[in-house]
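Presented below is the structure to which this report refers.
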Amino acid sequence: EAQAARAGAEKAAAQKARMEQELESPLVAELRRRTAANAEKNARQVELQMFQNSQSGEFGPFSRFVPVAKNDGKYVLVLAGEYEDLKKQKKVAKQKFLDDADARPYEARAAAVAESNARAKEANSGADGED
């Protein structure tokens with residue numbers, strides 16, 4: 161039994177040494193470099209997909225709006241027709257603004273809509289208390 165245990169330990173040590181050599185190989189180094197380079201891109205894709213999934217029924221082939229990412233990772237909702245125009249003007253690619261300055265008009269519109277909705281909600285809550 162002791163001899164079998166020693167043989168198993170030697171085999172495990174040899175396998176560990178081979179693994180450590182493989183971890184230092186040029187192929188592994190290249191794969192680690194690629195993984196690091198793609199990490200940010202993959203994180204953005206996951207974030208966009210999670211955002212779209214969290215808004216069930218809001219985004220899809222018949223949606224009026226398309227979420228477009230800015231360089232800071234925030235999203236701006238753009239009407240589908242306007243998104244197509246932005247694509248033709250080469251201001252967006254793969255649901256991302258190439259220059260955040262192009263997002264400003266859509267952000268301003270979204271802020272105005274949010275303010276209007278807040279005022280309407282406030283007015284409704286005041287009207288509910290008058291009964």
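Quick note on the working numbering: the sequence shown kicks off at 161 and runs consecutively.
Where is the CB? At the ideal position from N, CA and C, for every residue including glycine.
Report the rounded CA-to-CA distance for residue i versus residue j, giving the unit in angstroms.
i, j, result
"V226", "A197", "27 Å"
"R192", "E180", "15 Å"
"N202", "R194", "12 Å"
"Q212", "S276", "24 Å"
"A172", "A164", "12 Å"
"S185", "A169", "25 Å"
"A240", "A283", "31 Å"
"D291", "V273", "The predicted model places D291 with a pLDDT of 48, which falls under 50 and marks its position as unreliable; any figure quoted below should be read in that light. The straight-line gap from Cα to Cα measures roughly 28 Å."
"V206", "D259", "21 Å"
"Y243", "Y235", "13 Å"
Going by DSSP, name the residue or residues bridged to residue i.
i, result
"F225", "L239"
"K254", "Looking at the DSSP assignment, K254 forms no beta bridge with any residue, so it has no partner."
Could you round the C-beta distance between residue i and residue j to whole angstroms and report it? I think they count as a contact, below 8 Å.
i, j, result
"K251", "A229", "That belief does not hold up - the Cβ atoms of K251 and A229 are roughly 13 Å apart, past 8 Å."
"D262", "L246", "7 Å"
"L237", "A270", "6 Å"
If you follow the alpha helix (DSSP H) that residue i is part of, which residue opens it and which one closes it?
i, result
"A162", "162-183"
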